[in-house]
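Novice: Residue numbers (the numbering used here), protein chains in the order written: chain U, 286 to 571; chain X, 326 to 1115.
In this text, a Cβ means the ideal position worked out from N, Cα and C, and glycines have one as well.
Sharing a structure, written as structure tokens. Questions coming.
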Amino acid sequence: MKARAFSYRRAYTVDEALDAHASNGDDARFIAGGQSLVPALALRLQAPRILIDINHIEELRGVTREGEWLRIGALTRHCEMLTEPLIAEFAPLLRAAAPFVAHPAIRNRGTLGGSVALADPASEFPAMMLALDAEIEIAGASGRRRVRADEFFIDLFETAAAPGELVTAIFVPRFRCNQRICFDELARRRGDYALVGCGMQATCKDGLIEGIRIAFFSVGNVPTRARSAEAAVSGGRIDAERIAAAQAALDSDLAPPESDEVPPAMRLHLARVLLGRLLGRLGEVA
Amino acid sequence: MTPLTSLDRPNSYIGRSVPRPNAKRLLAGRGRYVTDIRLPRMLHAAFLRSPYAHARIARVDVDAARALAGVHLVATGADLAKICTPWTGTLDHFKGMTSEPQLPLPLDRVVWAGQAVLAVVAESRAIAEDALELISVDYEELPAIVDLDAAREPGTPRVNPAGSSNICFRAQLDSGGVDEAFASAAHIIEEEFSFGRHTPVTLEPRAIVADYDPDGGMLTVHHATQTPYQFQDLYSRHYRIPEARVRVIAPDIGGSFGLKLHVYHEDMAVVGLSILLGRPVKFVADRLESFVSDIHARDHHVRARMAIDADGRILAMDVHDATAIGAFSTYPRTSVVEGNQVIRLIGAPYDFKSYRAALEVVFQNKVQTSQYRAVGHPIACAVTERMVDLAAARIGLDPFAIRAKNVIPDDAYPTASPTGYRFESLSHQVCLQRLREIMDYDALRAEQSELRQRGIHRGIGIATFVEITNPSPAFYGVGGARISSQDGATISLTPSGEVRCAISVTEQGQGTEAIISQIVADQLGLAQEHVKVITGDTEVTPHGGATWACRGAGIGGETALQAARKLKANILEIAALVLQEQPAALNIIDGEVVNAATRQPRLAIAEIARIAYFRSDTLPPGTQAQLTVSHHFAPQGYPFAFTNGIQGCYVEVDADTGFIKLLKHFVVEDCGRIINPMLVDEQVRGGVVQGLGAALFEECRYGETGQLLNGSLADYLVPMAMEMPDIVIAHVETPTADTALGAKGCGEAGTAAASACVLNAVNDALAPFCASINAVPITPARVLEALGRF
Ligand SMILES: Cc1cc2nc3c(=O)[nH]c(=O)nc-3n(C[C@H](O)[C@H](O)[C@H](O)COP(=O)(O)OP(=O)(O)OC[C@H]3O[C@@H](n4cnc5c(N)ncnc54)[C@H](O)[C@@H]3O)c2cc1C
Chain U
286 MKARAFSYRR AYTVDEALDA HASNGDDARF IAGGQSLVPA LALRLQAPRI
336 LIDINHIEEL RGVTREGEWL RIGALTRHCE MLTEPLIAEF APLLRAAAPF
386 VAHPAIRNRG TLGGSVALAD PASEFPAMML ALDAEIEIAG ASGRRRVRAD
436 EFFIDLFETA AAPGELVTAI FVPRFRCNQR ICFDELARRR GDYALVGCGM
486 QATCKDGLIE GIRIAFFSVG NVPTRARSAE AAVSGGRIDA ERIAAAQAAL
536 DSDLAPPESD EVPPAMRLHL ARVLLGRLLG RLGEVA
Chain X
326 MTPLTSLDRP NSYIGRSVPR PNAKRLLAGR GRYVTDIRLP RMLHAAFLRS
376 PYAHARIARV DVDAARALAG VHLVATGADL AKICTPWTGT LDHFKGMTSE
426 PQLPLPLDRV VWAGQAVLAV VAESRAIAED ALELISVDYE ELPAIVDLDA
476 AREPGTPRVN PAGSSNICFR AQLDSGGVDE AFASAAHIIE EEFSFGRHTP
526 VTLEPRAIVA DYDPDGGMLT VHHATQTPYQ FQDLYSRHYR IPEARVRVIA
576 PDIGGSFGLK LHVYHEDMAV VGLSILLGRP VKFVADRLES FVSDIHARDH
626 HVRARMAIDA DGRILAMDVH DATAIGAFST YPRTSVVEGN QVIRLIGAPY
676 DFKSYRAALE VVFQNKVQTS QYRAVGHPIA CAVTERMVDL AAARIGLDPF
726 AIRAKNVIPD DAYPTASPTG YRFESLSHQV CLQRLREIMD YDALRAEQSE
776 LRQRGIHRGI GIATFVEITN PSPAFYGVGG ARISSQDGAT ISLTPSGEVR
826 CAISVTEQGQ GTEAIISQIV ADQLGLAQEH VKVITGDTEV TPHGGATWAC
876 RGAGIGGETA LQAARKLKAN ILEIAALVLQ EQPAALNIID GEVVNAATRQ
926 PRLAIAEIAR IAYFRSDTLP PGTQAQLTVS HHFAPQGYPF AFTNGIQGCY
976 VEVDADTGFI KLLKHFVVED CGRIINPMLV DEQVRGGVVQ GLGAALFEEC
1026 RYGETGQLLN GSLADYLVPM AMEMPDIVIA HVETPTADTA LGAKGCGEAG
1076 TAAASACVLN AVNDALAPFC ASINAVPITP ARVLEALGRF
């Protein structure tokens, strides 16, 4: 299929992009890496009248340290998660997740801002926002604001960024030496969206888990924190008993939807297996 | 120093791994596929597709679409029915077979979701798609028959209301003695199997540019097809254009695997659209359309019983195969060949006498199934080999031991299968032995049991197979199909002393042109780069069957060989006149006529060409040099050249996730004379990968209303490099004596047994859990279900 005809506008500043969107209302779409949007256009699942290209907005680029935070510009490409030293040092969970996101050609174009703004529940990075306790910076008509990841993902493809608002940057609390991460997913083929995936970041002290954030993806309409499982492993050493408790707790954390290929009970089973394996690994390095 | 072999002879290309001449060109992006063709005044077609699996077309409103700027034509089924005669996908040798007549576009009823309903032709594909959005069609939904078993139930609504039932074809085989064998058996093994629907997924989708010139009454079709002559015949007869005025050109083709030899409704429609408009019309199926309109394959339920004696000798088999083929049987090869081959190939590697089989082919409201790489073989092989493993387990025999006991012995040939297939000479015993060596079987078993102690579940599977290649007219010709089993070549010495061979076999990326140039260079005595091979154009090459059913090397290769020998004789005849020698005293090496005994060079063949073409006055009076010859070859002797082989694989099953890791795959293959070992190995590897796709990943999943649920490359999983194991290949060479070349086919061998092998290996891994799986694809869900994990 071929996309319906659309016009194209290149924005050089955030304000220009917001204005262009506002003057076209529902008929406009921002385009970043295009790795989700272009297929949707080609399949005529979306047919906006105008695309507003945000790739040339300098302010959306770059990874910088800002005090206790790491600021990651919205246009940071997936491949940069693998190569940028600041990310390896201060947000290693993103680095750990990146090789699982699609394939090299897609990682060369796809952007972190695009992935988070789209909020595909099967995507790795949105869930990692939850595990990292990241904040998403949004620019809109009324100026800039930062929203905690916990409040950002609302429903299927619906976020705290309203249509016409721009995600400008992701702020990640900088990684500290007493923190540990773990990430893995179960996908049929390398690069596929996972049947279930999970990333976690724990704060440890003397081999004990002081605090932990566990986030799942591909388990429902939104990336999901497993709060009961988090509670089950917090405050102690990770052992077989706590792992089993955390696995059992997933029943109340996750409610996978019906799907023709992976029945809910199977997805929940896979989530438990994955959680057990990840916690086991975390226990070894805590 | 290694001793000299026949390969050290000059120009000995048969048996040599030489790169394909077209590989670099294609890699460099210089291929010319149908999609690349842009003709002056060319228009683009797009099709409106049915959202329903079964519905009556009540009303169609195309006014808005017709009015859209850039739209040249909106055509309905009735418009095309005026110029195209209907076709029916039956063949006479399938007695009692039925199928509804088909037209390019339906008149009043759609029979599968995704069927093309209306065509729009416009300045661009995008405009044509804009116009599709302006068409409104009122459908009245009819009951959709989706499931194979539901289609067979008495009283189920009919897929074709005009038919008397949903049965397309039934067949029975009975060698006799089956009931007696079961009555006397020490053990009886029974099992039911199911095989998912899948689809070829070629890199290049279906593509066609039809160009009708009303003034000359000439139709030229650029068509991504394996079989240009078959389509020349069909376009000529269904559009009533004299055959000589229809030209079909198959340029570079990006894979076919059987996909591109069937009549598709859109392709027939595009020819009609070009005739209606008098302009070239292009249609390239996009990936979504491919999933709902390309042929699918497999989709079988098989019940099997096997009787064995106390020592593990197979006494008899009794099988029932039910298969659903969609709403029509495909034209012109039908959709029953797969089932027919399933029931005839089951048990084929084994030495037993009593066999009974029943086949039931039914209609349903899905896209049609038909011949796809290794037609029927993977099903027959999986059923047979799983039954053999179950028998082995029942009496505590090792999988190698039970096969060694039962395969037809290598010294028993010629012989025949209980289903009547005649085998010239196969090599099961040697292959079995070779496989054991290359797998290092005993070491693998030791490793497996050691790892089991540590909770790692690995499995080893093996699968013996035979493959049907080099088909004679017994395949289609006898059924009344105008599908040739012969091939033709026209071979010339050019004025500069090079050779040009135009041959009816075709190239889809497998290297047909490479092996033809090897054979011609070898036989004539030339460097391979001086042979140009031309394929895929009905205006240029003689008529022939082209490339399918593993016939390119065996039949096309023999055609080229005989043609080259004829040309060589003619060249030497002129050389003898010029040199005043006897032709028999001369030979050709490296493009030079030489003294046959001493190999002393006498005269370049370029010189002979120069004399013959430009100075014929210097030849003796009455001499007419024949430096172009044509030759046709049709297989005689055995109706098919059977090949054989055996595969093995090593897998690891994650019992908690149900995921399967393919660790290593092994193939021992006997395709007779090997022309190019590298190409044979790549055919085997590619075939294995397609079989592994079937084993673990590929399945067309349908919802209850007949909607394809996973019709995109995001959801339909094809095997990819990261998941594929190393594939170790060894060869045994048993040439056929039916031809001078001795080559049989090798293109489907990999696919034939790979899924059977994985099925056995996974079951071997699951054995400690007392769990078993008898369905492919073997998905994590099926493994976890078998293990009772959720
Ligand atoms: C074959 C394939 C496989 C893939 N596999 C995976 C996978 O395994 N895991 C995974 O996570 N992803 C996968 N993706 C998706 C890929 O990661 C996308 O790049 C990503 O989801 C979107 O980022 P983008 O920059 O390409 O956004 P675009 O496609 O440009 O935009 C996506 C949407 O977000 C909006 N948008 C983009 N940027 C912003 C912004 N700054 N502010 C507000 N709105 C914005 C756009 O308007 C659009 O609606 C795959 C894609 C393909 C084609």
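1) Which first and last residues belong to the beta strand (DSSP E) in which residue 458 (chain U) is found?
2) For residue 797 (chain X), tell me which candidate among X:608, X:895, X:869 has the shortest Cα-Cα distance.
3) Could you tell me whether any Cβ in chain U is nearer than 7 Å to the Cβ of residue 624 (chain X)?
4) Got a sec? Which residues, its chain only, sit under 8 Å from residue 298 (chain U) by beta carbon, not counting five neighbours each side?
5) Considering only the alpha carbon of each residue, which of U:337, U:414, U:450 lies closest to residue 430 (chain U)?
6) Regarding residue 396 (chain U) and ligand 1, is the C-beta to nearest heavy atom distance less than 6 Å?
7) Which residues bound the beta strand (DSSP E) around residue 817 (chain X)?
8) Please name the residues in the segment 421-453 of chain X whose beta-carbon is closer than 8 Å to at least one beta-carbon of chain U, in chain order.
9) Determine the extent of the alpha helix (DSSP H) in which residue 559 (chain X) is found, giving its start and end residues.
10) Spell out the partners DSSP gives residue 786 (chain X) in its beta bridges.
11) Using the beta-carbon of each residue, which ones in chain U are nearer than 8 Å to residue 1047 (chain X)?
12) For the beta strand (DSSP E) that contains residue 627 (chain X), what are its first and last residues?
13) Less than 7 Å separating the beta-carbons of residue 843 (chain X) and residue 338 (chain X)?
14) Just to confirm the assignment, what range does the alpha helix (DSSP H) spanning residue 477 (chain X) have?
15) Is any non-hydrogen atom of ligand 1 found closer than 6 Å to the C-beta of residue 316 (chain U), if you look at the structure I gave you?
16) Go to residue 393 (chain U), then tell me how far its beta strand (DSSP E) extends in each direction, as first and last residue.
17) For the alpha helix (DSSP H) that contains residue 702 (chain X), what are its first and last residues?
18) Residues of chain U with a CB under 7 Å from the CB of residue 404 (chain X): which are they?
19) So with CB distances below 9 Å, who are the chain X contacts of residue 226 (chain U)?
20) Using the Cβ count rule (16 or more neighbours within 10 Å means buried), how would you classify residue 570 (chain U)?
21) Just to confirm the assignment, what range does the alpha helix (DSSP H) spanning residue 666 (chain X) have?
22) Can you say whether residue 807 (chain X) is buried or exposed, counting buried as having 16 or more other CB atoms within 10 angstroms of its CB?
23) Please identify, using Cβ separations under 8 Å, the residues of the segment 535-553 of chain U that lie next to chain X, in order along the chain.
24) Could you please give me the residues that DSSP links to residue 421 (chain U) through a beta bridge?
25) Our contact map puts residue 958 (chain X) next to residue 972 (chain X) with C-beta atoms below 8 Å; I'd like the distance itself, whole angstroms only.
26) According to DSSP, is residue 343 (chain X) helix, strand or coil?
27) By the three-class DSSP mapping on this structure, what secondary structure does residue 490 (chain U) have?
28) For residue 901 (chain X), which residues from the same chain have a beta carbon less than 7 Å from its beta carbon, with the 5 sequence-adjacent residues on both sides left out?
29) So does the segment 812-829 of chain X actually touch the segment 928-936 of chain X, counting three or more Cβ pairs closer than 8 Å?
30) Go through the segment 318-403 of chain U residue by residue and report every complete run of the beta strand (DSSP E) that reaches 3 residues or more, in order.
31) Going along the segment 608-619 of chain X in order, which residues come within less than 8 Å of chain U, judged by CB to CB distance?
32) Considering only heavy atoms of ligand 1, does any lie closer than 6 Å to the CB of residue 347 (chain U)?
33) Which residues in the same chain as residue 997 (chain X) place their Cβ atom closer than 8 Å to its Cβ, once the five residues preceding and following it in sequence are excluded?
34) Residues of chain X with CB under 7 Å from residue 555 (chain U), in chain order?
35) Within the present structure, is the beta-carbon of residue 336 (chain U) separated from the nearest heavy atom of ligand 1 by less than 6 Å?
36) Just to confirm the assignment, what range does the beta strand (DSSP E) spanning residue 995 (chain X) have?
Specialist: Answer, in terms of the structure:
1) The residue given as residue 458 (chain U) occupies position 173 in the first sequence. From DSSP, the beta strand (DSSP E) with residue 458 (chain U) extends over 451-458.
2) On the second sequence, residue 797 (chain X) is found 472 positions in, with the first residue counted as 1. Comparing Cα positions, the closest option is X:869.
3) Numbered from 1 along the second sequence, position 299 holds the residue referred to as residue 624 (chain X). No, residue 624 (chain X) lies away from the interface with chain U (no Cβ there is under 7 Å from its Cβ).
4) Along the first sequence, read from residue 1 onward, the residue named residue 298 (chain U) stands at position 13. Cβ neighbours of residue 298 (chain U) beyond the five flanking positions: 342, 344.
5) In the first sequence, the residue the question calls residue 430 (chain U) occupies position 145. Here the closest residue by C-alpha is U:450.
6) Here residue 396 (chain U) corresponds to residue number 111 of the first sequence, with the count starting at 1. For ligand 1, at least one heavy atom lies less than 6 Å from the Cβ of residue 396 (chain U).
7) Along the second sequence, read from residue 1 onward, the residue named residue 817 (chain X) stands at position 492. It spans 812-818 - the beta strand (DSSP E) in which residue 817 (chain X) sits, taken as one unbroken run.
8) 449, 450, 451
9) To locate residue 559 (chain X), count along the second sequence from 1; it is residue 234. Start and end: 553-563.
10) Working through the second sequence from its first residue, we reach residue 786 (chain X) at position 461. Paired residues: X:974.
11) As a first step, residue 1047 (chain X) must be located in the second sequence, where it is residue number 722. By Cβ distance, chain U contributes 474, 475, 476.
12) As a working mapping, residue 627 (chain X) is identified with position 302 in the second sequence. Where residue 627 (chain X) is concerned, the enclosing beta strand (DSSP E) stretches over 622-633.
13) In the second sequence, the residue the question calls residue 843 (chain X) occupies position 518. In the second sequence, the residue the question calls residue 338 (chain X) occupies position 13. Cβ atoms of residue 843 (chain X) and residue 338 (chain X): closer than 7 Å.
14) As a working mapping, residue 477 (chain X) is identified with position 152 in the second sequence. That run of the alpha helix (DSSP H) goes 473-477.
15) Residue numbering aside, residue 316 (chain U) sits at position 31 when the first sequence is read from its first letter. Yes - ligand 1 has a heavy atom lying nearer than 6 Å to the Cβ of residue 316 (chain U).
16) In the first sequence, counting from the first residue as 1, residue 393 (chain U) sits at position 108. First-last for residue 393 (chain U): 389-394, but that is the alpha helix (DSSP H), not the beta strand (DSSP E).
17) On the second sequence, residue 702 (chain X) is found 377 positions in, with the first residue counted as 1. Its alpha helix (DSSP H) spans residues 702-720.
18) Translated into positions along the second sequence, residue 404 (chain X) becomes position 79. None at all; the shortest Cβ gap to chain U is about 24 Å.
19) As displayed, chain U neither begins before 286 nor continues past 571, which places residue 226 (chain U) out of reach and without an answer.
20) Translated into positions along the first sequence, residue 570 (chain U) becomes position 285. It counts as exposed.
21) Residue numbering aside, residue 666 (chain X) sits at position 341 when the second sequence is read from its first letter. Taken as a continuous stretch (DSSP letters only), the alpha helix (DSSP H) holding residue 666 (chain X) covers 662-670.
22) For the purposes of this step, residue 807 (chain X) is identified with residue 482 of the second sequence, where counting begins at 1. Exposed, because fewer than 16 other Cβ atoms sit within 10 Å of the Cβ of residue 807 (chain X).
23) 545, 546, 547, 548, 550, 551, 553
24) Numbered from 1 along the first sequence, position 136 holds the residue referred to as residue 421 (chain U). U:432, U:455.
25) For the purposes of this step, residue 958 (chain X) is identified with residue 633 of the second sequence, where counting begins at 1. For the purposes of this step, residue 972 (chain X) is identified with residue 647 of the second sequence, where counting begins at 1. With 8 Å as the limit, residue 958 (chain X) and residue 972 (chain X) do not qualify as a contact, their Cβ atoms being about 31 Å apart.
26) Within the second sequence, the letter at position 18 stands for residue 343 (chain X). Correct three-state label for residue 343 (chain X): coil.
27) On the first sequence, residue 490 (chain U) is found 205 positions in, with the first residue counted as 1. Residue 490 (chain U): strand per DSSP, three-state reduction.
28) Here residue 901 (chain X) refers to the residue found at position 576 of the second sequence. Cβ within range, chain order: 907, 908, 911.
29) yes
30) Here the runs fully enclosed are 335-338, 348-351, 354-358.
31) 611, 613
32) For the purposes of this step, residue 347 (chain U) is taken as the residue at position 62 of the first sequence. Outside the cutoff, so no.
33) Counting from 1 along the second sequence, the entry for residue 997 (chain X) is found at position 672. Around residue 997 (chain X): 879, 966, 968, 1058, 1059, 1060, 1061, 1067, 1068, 1069.
34) In the first sequence, residue 555 (chain U) corresponds to position 270, counting from 1. Neighbours of residue 555 (chain U) on chain X, chain order: 982.
35) Start at 1 with the first residue of the first sequence, and residue 336 (chain U) comes out as number 51. Checking the Cβ of residue 336 (chain U) against ligand 1 gives no.
36) Position 670 of the second sequence, counting from 1, holds the residue named residue 995 (chain X). Taken as a continuous stretch (DSSP letters only), the beta strand (DSSP E) holding residue 995 (chain X) covers 985-995.
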